[in-house]
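A.B. asks: Its first residue numbered 3, the sequence shown is counted upward by one per residue in the numbering used here.
Below is one structure. I have some questions about it.
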Amino acid sequence: MIPTRSDPPVTGAAVKTALYAPPVEPDIERWREKIRHIDASELTALSVSDHFLASRQDSIAALAALAACTDRVRLMALVPCNDYRHPVLTHEAAATIDVLSAGLLVGTVEECTEQLLERRERLGLNYVDFGATGFAEVAPLIHELAGIRDPAGSS
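Next comes the structure, spelled out in structure tokens:
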């Protein structure tokens, strides 16, 4: 049913909204002011993407810059191109950005990769060579380097 103007307002959970972050511009202070204005608004999240043709900036560097300018709004990469980024370096970058942003980074590299694989499976897309190696093959190495024990106790 489509709500009409006479329907009572929906109450409960707040509506979550996100916006693509404005691209970094030569006047960096003007850019920071835009980001602070967005952070003070009711928006929930700012996002960046890793599209080769659409992006004008590196998403990891952009997320780090956003982390330095925000206090409240969540940060996320909508299209992380993990296929061409080294998984250990991507994990380290995400962990660093999460610390710089005081926990505002949405999702981890592992969560994003799992979601991507689940979507591909639901759509019936068979991508055998997920990057140079699948994340599942690299995850134990990342966990070992980070000193994380497997919940099952096998590592």
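By construction, the Cβ of each residue, glycine as well, lies at the ideal position given by its N, Cα and C atoms.
Run the CB neighbour count on A64, radius 10 Å, all protein chains shown included, and call it buried at 16 or more, exposed below.
C.D. replies: By the 10 Å Cβ count, A64 comes out buried.
A.B. asks: Considering only the beta carbon of each residue, do S61 and V75 sit closer than 7 Å?
C.D. replies: Against a cut-off of 7 Å, the Cβ pair of V75 and S61 comes out as no contact.
A.B. asks: Between which two residues does the alpha helix (DSSP H) harbouring L106 extend?
C.D. replies: That residue, L106, is in no alpha helix (DSSP H); it is neither H nor E in DSSP.
A.B. asks: To the nearest angstrom, report how far apart P24 and P89 are at their CA atoms.
C.D. replies: If you take the alpha carbons of P24 and P89, they lie about 27 Å apart.
A.B. asks: Where does the unbroken alpha helix (DSSP H) through A20 begin, and where does it stop?
C.D. replies: It is not in any alpha helix (DSSP H) - A20 instead sits in the beta strand (DSSP E) that spans A20 to Y22.
A.B. asks: By the 10 Å Cβ neighbour count, where 16 or more other Cβ atoms means buried, how is A79 classified, buried or exposed?
C.D. replies: Label assigned to A79: buried.
A.B. asks: Which residues in the same chain have their Cβ closer than 6 Å to the Cβ of Y22, if we skip the five residues on either side of it in sequence?
C.D. replies: For Y22, where only same-chain residues beyond five positions count, the Cβ hits under 6 Å are S49.
A.B. asks: Quick one: using the 10 Å Cβ neighbour count with 16 as the cut-off for buried, is L106 buried or exposed?
C.D. replies: That one is buried.
A.B. asks: I need the DSSP call for S1, collapsed to helix, strand or coil.
C.D. replies: This structure cannot settle anything about residue 1, because the visible part of the chain is limited to 3 through 157.
A.B. asks: Just the Cα atoms here: how many angstroms apart are A70 and K18?
C.D. replies: Taking the straight line from one Cα to the other gives about 22 Å.
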